[in-house]
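Read the structure below first, then the notes.
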Amino acid sequence: MTTDRIKTLYVSDMDGTLLNADSKVSPKSSHIISSLTRNGAMITVATARTPATVVPLLSGADISIPAIVMTGAAMWDWKANRYISPKFIDTDAVSSVCGILSSHGMTPFVYTLEGDCMLSVYHTSPSLTTSEQGFVTQRTGLPLKRFLIGTPIPETAMGRTMLIFAIGRIGEADVAAADITAATGCAVSAYPDIFNRNEAFIEVFAPGVSKAQAVRELAKRTGADRTVVFGDNLNDIPMMEAADLAVAVGNAFEEVKAAADITIGANTDDSVAMFIKNDFNSH
Numbered sequence: 190m191t192t193d194r195i196k197t198l199y200v201s202d203m204d205g206t207l208l209n210a211d212s213k214v215s216p217k218s219s220h221i222i223s224s225l226t227r228n229g230a231m232i233t234v235a236t237a238r239t240p241a242t243v244v245p246l247l248s249g250a251d252i253s254i255p256a257i258v259m260t261g262a263a264m265w266d267w268k269a270n271r272y273i274s275p276k277f278i279d280t281d282a283v284s285s286v287c288g289i290l291s292s293h294g295m296t297p298f299v300y301t302l303e304g305d306c307m308l309s310v311y312h313t314s315p316s317l318t319t320s321e322q323g324f325v326t327q328r329t330g331l332p333l334k335r336f337l338i339g340t341p342i343p344e345t346a347m348g349r350t351m352l353i354f355a356i357g358r359i360g361e362a363d364v365a366a367a368d369i370t371a372a373t374g375c376a377v378s379a380y381p382d383i384f385n386r387n388e389a390f391i392e393v394f395a396p397g398v399s400k401a402q403a404v405r406e407l408a409k410r411t412g413a414d415r416t417v418v419f420g421d422n423l424n425d426i427p428m429m430e431a432a433d434l435a436v437a438v439g440n441a442f443e444e445v446k447a448a449a450d451i452t453i454g455a456n457t458d459d460s461v462a463m464f465i466k467n468d469f470n471s472h
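Residue 202 in our numbering sits at position 13 of the sequence shown; the count goes up by one each step and never skips.
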């Protein structure tokens with residue numbers, strides 16, 4: 190490796206982008222990423238997921254650059270196994286957001302940070318919708334997260350809220366997101382569930398939180414000269430606009446392809462890992 194190599198930071202979304210149809214990193218992609226990392230490539234992910242699922246999913250890929258998690262509300266330090274740079278939502282805003290979501294028929298999941306590595310996720314209703322139950326079931330029993338269903342949120346925990354998450358119908362979710370933005374000034378995104386196009390996810394964070402801002406922060410932290418990002422969903426567009434090179438996978442929404450500089454193959458074809466390999470070797 191030459192000393193004048195451009196320092197490029199590669200940041201990939203996970204679901205629908207780096208992960209394959211089985212929502213896993215394929216052995217081929219894991220091998221490519223690990224090999225490139227050992228040769229000096231700076232590769233990481235930016236995801237709406239929490240470390241509770243990011244860590245096991247990427248266990249086969251030798252990633253050392255901090256991961257952007259929870260859509261930029263924090264980063265995850267792989268070596269120290271802890272959250273770094275967390276952004277908390279104001280307590281009054283937490284109460285306001287929960288009230289607005291309730292008025293739209295949604296009970297949110299409120300993600301609070303205990304210590305520097307454990308998430309406690311509160312859902313104040315004792316009953317869950319079918320989609321909510323599926324969401325919880327997939328994430329129950331993970332070492333870095335615990336769900337507290339039907340449990341009031343303690344005042345001390347409310348002050349350490351990083352994310353308020355809800356599942357709703359497409360139209361209702363968009364209206365609720367607009368109401369939250371107008372009332373609180375929090376960073377809000379509503380985007381389709383890639384597995385169920387009739388439903389959407391709502392994510393609420395502290396003001397200013399976004400994948401884009403986190404990519405800028407991480408580029409500064411790593412001393413990168415250039416950033417390349419990969420995405421497939423609408424919530425990836427802001428970080429694509431903040432990158433030097435924005436790459437959409439072939440299965441991305443058309444709006445994402447329109448925002449990207451180039452479009453590569455689908456997530457099922459190891460396209461992200463292969464692109465990084467070719468790009469890194471050419472710079």
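Built from N, CA and C at the ideal position, the CB exists for glycine as well.
For this session: Enumerate in chain order the residues of its own chain whose CB-to-CB distance from Tyr300 is below 6 Å, with the five nearest sequence positions on each side excluded.
Result: Taking the sequence shown and counting its residues from 1, one reaches residue 300 at position 111. Leu308, Val310, Met351 and Leu352, listed in sequence order.
Problem set entry | Buried or exposed (CB count within 10 angstroms, at least 16 for buried), Asp459 | On the sequence shown, residue 459 is found 270 positions in, with the first residue counted as 1. The residue is buried, with at least 16 neighbouring Cβ atoms inside 10 Å.
Exercise. Do Thr138 and Pro216 have their C-beta atoms closer together than 8 Å?
Worked result: Residue 138 is absent from the model: the chain starts at 190 and stops at 472.
Problem set entry | Identity of the residues DSSP links to Ala256 by a beta bridge | Sequence index remark: in the sequence shown, residue 256 carries index 67 (1-based). According to DSSP, Ala256 bridges with Trp265.
Problem set entry | Beta-carbon proximity list for Pro396, same chain, < 7 Å, skipping 5 on both sides | Working through the sequence shown from its first residue, we reach residue 396 at position 207. Gly374, Cys375 and Ala376, listed in sequence order.
For this session: Report yes or no: do the segment 246-265 and the segment 282-293 share at least 3 C-beta pairs separated by less than 8 Å?
Result: Verdict: no, contact absent.
For this session: Report the three-state DSSP secondary structure of Pro427 (helix, strand or coil).
Result: Position 238 of the sequence shown holds residue 427. Helix at Pro427.
Exercise. So who's on the other strand from Gly420, going by DSSP bridges?
Worked result: Translated into the one-based positions of the sequence shown, residue 420 becomes position 231. According to DSSP, Gly420 shares a beta bridge with Ala437.
Problem set entry | Met463 versus Lys276 - alpha carbon distance | By one-based count along the sequence shown, residue 463 stands at place 274. By one-based count along the sequence shown, residue 276 stands at place 87. Taking the straight line from one Cα to the other gives about 33 Å.
For this session: Count the other CB atoms, across all protein chains shown, that sit within 10 Å of the CB of Asn385; report buried if there are 16 or more and exposed otherwise.
Result: Residue mapping note: residue 385 aligns to position 196 of the sequence shown, counting from 1. That one is exposed.
Problem set entry | When Ile342, Glu430 and Gly454 are compared against Val418, the one with the closest alpha-carbon | Residue numbering aside, residue 418 sits at position 229 when the sequence shown is read from its first letter. It is Glu430 whose Cα lies nearest to the Cα of Val418.
Problem set entry | Candidates Ile273, Pro297, Tyr272 and Ser274, of which the one nearest Ser284 by Cα | Position 95 of the sequence shown, counted from the first residue, corresponds to residue 284. Looking at Ile273, Pro297, Tyr272 and Ser274, the one whose alpha-carbon comes closest to that of Ser284 is Pro297.
Exercise. Under a Cβ-count criterion, where at least 16 other Cβ atoms within 10 Å of its own Cβ denotes burial, should Glu475 be classed as buried or exposed?
Worked result: This structure cannot speak to residue 475, because the chain is shown only from 190 to 472.
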